[in-house]
Each structure stands twice: as structure tokens, then as C-alpha cells.
DNA sequence: CCTGATGCTTCCGCAATTCAAAACCGTCTC
DNA sequence: GAGACGGTTTTGAATTGCGGAAGCATCAGG
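Chains as they are written, first to last, in the numbering used here: chain A, 35 to 295; chain B, 35 to 295.
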């Protein structure tokens, strides 16, 4: 998915970084080589460079590469500056506390949804979303809420980035059916996740809009089917919209996604 | 090859990235140019590249650059793979719950301490708000605990990276006095922060050692002088050492700091 | 032991990318 | 409307990154 359009060495290095982090475990060069588009010496050199820069850490014993801690400290500034999280924190805390349900805050990045904060009501199901996790936009409540309120052009671009993998029976598998739902979401103002990403998990999501009408993220209330029905989630709608509006009002000027043409 | 040898475009790009994140707010190119070592067109091109790669986000209105959300998602993998946090989580949770004090988990990166997890007495969950922060090693409990147990060579290298800024009256201001304390810490097994970084904040810290004797991080119990005295912290020593030992036992193989010689 | 297989590392000539001076353009100020 | 200021583009030179091929380690089986 990483379109390595001639953006130079930096792009290549970052693509390797992506590849390593995507593996989800320490990896040897051999494994990377199999899926890499780069020839061996090039890959080797890039790994060297990234390791020198501490973006990767290298285990001398196992000869494996893993993401480096430097990323963790970089993310701290990113999180506190580039994300809605600091602004939204008090509001989603309040919402979570009053409803006793899980609240998620997400933003769009390269067609994917990035969860930038979350509140758990109980620790019963722990494996929902964790800060920094990414998920597809086309089959999550927050994703659809954002997509539905994107300007035409950006929306088209984002739709092109969707993979439309079928996670469950309810997952959208084409841009056409998704687009139809997005229109409905746009007019209604909220989006539902009807077990489209994971069986048993549903959510109601609202977009976060600035006063200029730009969508900068989304909030959702997520729960399990054995706790609530979709109709039941509807009861949360006013509180959710309220919360989203409060956040939007505070998120005055926000970066435009700066899509390179 | 030398250690500080800058390798290539990637290094330059990352240095710009660092500079932007370090500013702590959206910045214009002009501001970066003032402190940058790069001439204008070069800086411009690097910013372009980083923005294309979504490591930076660009606000068209204000013409400002800020860290990009991509960093947040990258950090997620880094945190869950490269850090001790996932392994240590249950143990520091238990420690925090039983003592009702703040627990910090930290690792060393480039001579600095990176907090990879924290537990407040009140809050259960880790968010990026509190993780990812960096602090100097020479004037924090966790930092000194780690430094004291580093192999000779790495220790020397780390000491060379310390700035020895005087934060409080108790701050070490030279490698000599620090080294003396490190020896003591090494034999005693715990380190104290005697208001060396911030007035009113003290802590007791223990290194996390693998079964091979390598130090991979540190845990600390931090508190305020109006809650406890340094002697009072001593009461926590057994529990702290216990916790550190448990974590160390589980942290089997860990990456060596991969210093390119 | 030797030998072949596997995978990491280094060499080195060629070519592409990066570099930065200078010029250009858009906007804001007086 | 002129001047200043900051951002963007152009361009020739040369640094750098590139990657085929060869060189090492390490390990397994003979």
C-alpha cells in the first residue's frame, strides 16, 4: 500500500521501517528480503542506517531487527501536538464516565483510522482498540463517520485506498455500497458499525467537525452485542453528538490533510 | 567507523523531524531555518519529503509543520514490541495497586531515559500522554539505576552523552561525582532521586536485569516530599526489588543497544 | 574434519539523487 | 507602488546511493 513514488532514499527507508513494524515481531533480514522490493545490499544498507538512527533496534544475538524506542519518544510529541487527544481528553472522559461504555477517539491517516485515545468502562474486553492502533476506515464506525464528511475529492482518494477485505458477513466489499451508506451517514450525522469489523462488536460514531465544517476526527461509543443492541446504541446519540460538538468547537484550526497531488 | 558519523539523507531528514517535534508546537519554515544547519532549499526539500511521507503534517493556512499522526501508529508497534511495557504491565500494575504510589517504567535511549509506562495511584491505563516522555539519565532514579549497571564501555559512552545541567541544588554537575554514586548504587542495588530533577519529587528505583545480567530498564516508585521522606521510600525497597526481578525474569532475551563500533 | 548450503557483509564502478546558489514568485507592509 | 520577506523552482555539478558479484561467517550433514 505504500506507493514508493520516487521520493528518494527517505521514502525507501521509511518503507523498510513500515515493513519491520508491520511484522509484529523481531525479524531477520532474510524474512524482510522475501517481501521486500529492494535487492539485498540496498535493504542491508537501509537497515544499517535505520539502526544507526535508532529507529530500529538490532539484536546481535538473534540477528533480528525490531522497532526502536526512539519511535516511542517521537510519538509523544506527535500525540500531544498532532492529535485531537489533548483537546478531547476531558470530554471523552466525561462521556465515558457518564455512560460507562468504551469511548474511542480516532483520526484518519492515509485512508486508515488511527485510534488516538480511548476510555474503557470496564476492563472486561481488553483487546478492543489501543492508542496508536490502526484499523480500516470502511468497516469501522469512526472510519465511516469521517469518510462521510470528507470533501468530495479527498473522499474519492480515501475510498481508493480501502482494501474492502471481508472481515465479517456485514462488511462492505465495494465502494458502491459503502458510498451509498456514506450519503446516509452524512445526512443523519452518525455512523453505525454493525459488526462489520469484528463479530459481536458494534458502535455508534459521530464525526468531529470544526466551525469551518472540516472533519478532523470521530468519536465512538463501542460495545458488545451481548450488552446492547444497535437500537440501544441510539439512546446514546444525543450525548455522543454533544461530545463531538464540544470537541469540534475547541479544535479551531486544524491541519488540512495536505494530500500531495 | 565513528559513532557520530552522519549517514546520508535519512539522517538529515530525521534530524529535521527531531527539530520539528522538539519545538513543541507547529512551526514555520523560517523558524526552523534559524536553527537549522541546512541551507534553505535543502531544508525545504526535506520538509516536503517528510510531509509526503506523512511523518509531518502541514497546515496550508498557517504554513506550519507539525508532527504527523503516522508517528503515533508507528509508535504503537514500537511500544508493543521494542519496550518492556507489555511484559512489565501486570507487575507494575500490581505494585502500584498494593502501594498506592506512582510507578514508572523506563528504558535508556541514546543516553536519555524514555518512560515507556507509568501507573498513577488513581489511573489504571497507560496512554501516550504519559508514556514516551524523555528525561536526562544523570538526575533521575531510573536513569542512575540503569547507568550503574551498564557494562563499562557503554557506561562511559552514556556518561559522555550527559549534559549535567543543574536542575536543582541536588543535581549532579559532573561525571566524577555521578560515577562515585553509580558505584554505590551498583553495590546497593537501588538508586534514589533526591530531588535532583525537580524540587519536591523523590524516588527509589531498581534496575531490571535479565538472567544474563544485562540491564534492560528500570522501575521506580516516585512520590512527593510532602508524602514521604527518602527514608520512608526505603520501606518500599523489598517490593520494588521483587517487582524488578519478576520483570527481569520474563524479559529473557533483549536487544543489545547495538552500538555500531 | 571436510563440504556444501545458507545468509550476512563488503567491494566497487556506474548512475541517479541530492545539493545549494541563484533566480523567481506571491504576499504583506508602509 | 515599491520594497521586504518568506516560500518555491530551476539547474549544473558531484556526492551518494545503488546493486551485481564476490567474500565471509556459521551451521548441518557426510
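Using N, Cα and C, we set each Cβ at its ideal position, and we do this for glycine too.
Rounded separation between residue i and residue j - CA only
i	j	result
residue 170(B)	residue 285(A)	33 Å
residue 233(B)	residue 80(A)	44 Å
residue 248(A)	residue 184(A)	7 Å
residue 89(A)	residue 51(A)	8 Å
residue 160(B)	residue 151(B)	Low confidence applies to residue 160(B): its pLDDT is 47, below 50, so where it sits in the model is not reliable, and the reading given next is rough at best. Spanning the two alpha carbons is a distance of roughly 6 Å.
residue 128(A)	residue 201(A)	32 Å
residue 76(B)	residue 48(B)	13 Å
residue 230(B)	residue 124(A)	32 Å
residue 130(B)	residue 70(B)	43 Å
residue 276(A)	residue 138(A)	15 Å
residue 105(A)	residue 104(B)	11 Å
residue 173(A)	residue 141(B)	37 Å
residue 199(A)	residue 188(A)	21 Å
residue 36(A)	residue 274(B)	Bear in mind that the predicted position of residue 36(A) carries a pLDDT of just 37, short of 50, making it unreliable; the figure below should be weighed with that in mind. Distance between the alpha carbons of residue 36(A) and residue 274(B): 45 Å.
residue 218(A)	residue 145(A)	20 Å
residue 197(B)	residue 176(B)	17 Å
residue 53(A)	residue 132(A)	41 Å
residue 208(A)	residue 100(B)	34 Å
residue 41(B)	residue 203(B)	39 Å
residue 223(B)	residue 193(A)	56 Å
residue 73(B)	residue 67(B)	8 Å
residue 162(A)	residue 56(B)	Only weak support is given to the placement of residue 162(A): the predicted model assigns it a pLDDT of 40, under 50, and the value that follows is read from those uncertain coordinates. If I take the Cα positions, the gap works out to 32 Å.
residue 263(B)	residue 257(B)	9 Å
residue 60(B)	residue 186(A)	27 Å
residue 82(A)	residue 168(A)	27 Å
residue 265(B)	residue 210(B)	25 Å
residue 46(B)	residue 87(A)	10 Å
residue 205(B)	residue 94(A)	35 Å
Proximity below 8 Å, CB of residue i to CB of residue j
i	j	result
residue 102(B)	residue 111(A)	no
residue 281(B)	residue 121(B)	yes
residue 180(A)	residue 153(A)	no
residue 244(B)	residue 250(B)	yes
residue 44(B)	residue 44(A)	yes
residue 241(A)	residue 190(A)	no
residue 118(B)	residue 178(B)	no
residue 85(A)	residue 78(A)	no
residue 116(A)	residue 109(B)	no
Where the alpha helix (DSSP H) through residue i begins and ends
i	result
residue 218(A)	209-222
residue 326(A)	The displayed coordinates of chain A run from 35 to 295. Any statement about residue 326(A) would go beyond what the structure contains.
residue 49(A)	42-57
residue 116(B)	104-116
residue 202(B)	Counting along the chain, residue 202(B) falls outside any alpha helix (DSSP H), and DSSP gives it neither H nor E.
residue 228(B)	Unbroken run through residue 228(B) is the beta strand (DSSP E), 225-228; no alpha helix (DSSP H).
residue 75(B)	74-86
residue 266(A)	264-268
residue 63(B)	63-69
The beta strand (DSSP E) enclosing residue i, as first and last residue numbers
i	result
residue 184(A)	Here residue 184(A) belongs to no beta strand (DSSP E), and DSSP marks it neither H nor E.
residue 146(A)	146-153
residue 272(A)	From DSSP, residue 272(A) is part of no beta strand (DSSP E) but of the alpha helix (DSSP H) over 271-284.
residue 251(A)	249-258
residue 141(A)	136-143
residue 98(A)	98-101
residue 170(B)	168-170
residue 239(B)	235-243
Residue of the options minimising C-alpha distance to residue i
i	options	result
residue 213(B)	182(B), 221(B), 61(B) and 235(B)	182(B)
residue 135(B)	246(B), 236(B) and 242(B)	236(B)
residue 96(A)	64(A), 174(A), 187(A) and 188(A)	64(A)
residue 220(B)	228(B), 207(B), 239(B) and 203(B)	239(B)
residue 283(B)	92(B), 246(B), 132(B) and 168(B)	246(B)
residue 271(B)	86(B), 225(B) and 55(B)	225(B)
residue 166(A)	193(A), 114(A), 84(A) and 203(A)	114(A)
residue 195(A)	143(A), 205(A) and 204(A)	143(A)
residue 107(B)	94(A), 164(A), 268(A) and 260(A)	164(A)
residue 62(B)	267(B), 98(B), 46(B) and 87(B)	98(B)
Proximal residues of chain B, C-beta to C-beta of residue i below 7 Å
i	result
residue 195(A)	Chain B residues near residue 195(A): none, gap ~12 Å exceeds 7 Å.
residue 176(A)	The contacting residues do not exist; residue 176(A) stays about 14 Å from chain B at best.
Where residue i meets chain A, residues with beta-carbon distance less than 7 Å
i	result
residue 44(B)	43, 44, 47, 83 and 87
residue 102(B)	112 and 116
Contacts that residue i makes with chain A (C-beta to C-beta distance below 8 Å)
i	result
residue 55(B)	108, 111, 112 and 115
residue 144(B)	88 and 104
residue 282(B)	By Cβ distance, chain A contributes nothing, its closest Cβ being about 17 Å from residue 282(B), past 8 Å.
residue 168(B)	107 and 110
Residues that residue i contacts on chain B, provided the C-beta gap is smaller than 8 Å
i	result
residue 130(A)	Under the 8 Å cutoff, chain B gives no residues; its nearest Cβ is about 11 Å from residue 130(A).
residue 62(A)	Residues of chain B passing the Cβ test: none, with the nearest at roughly 13 Å.
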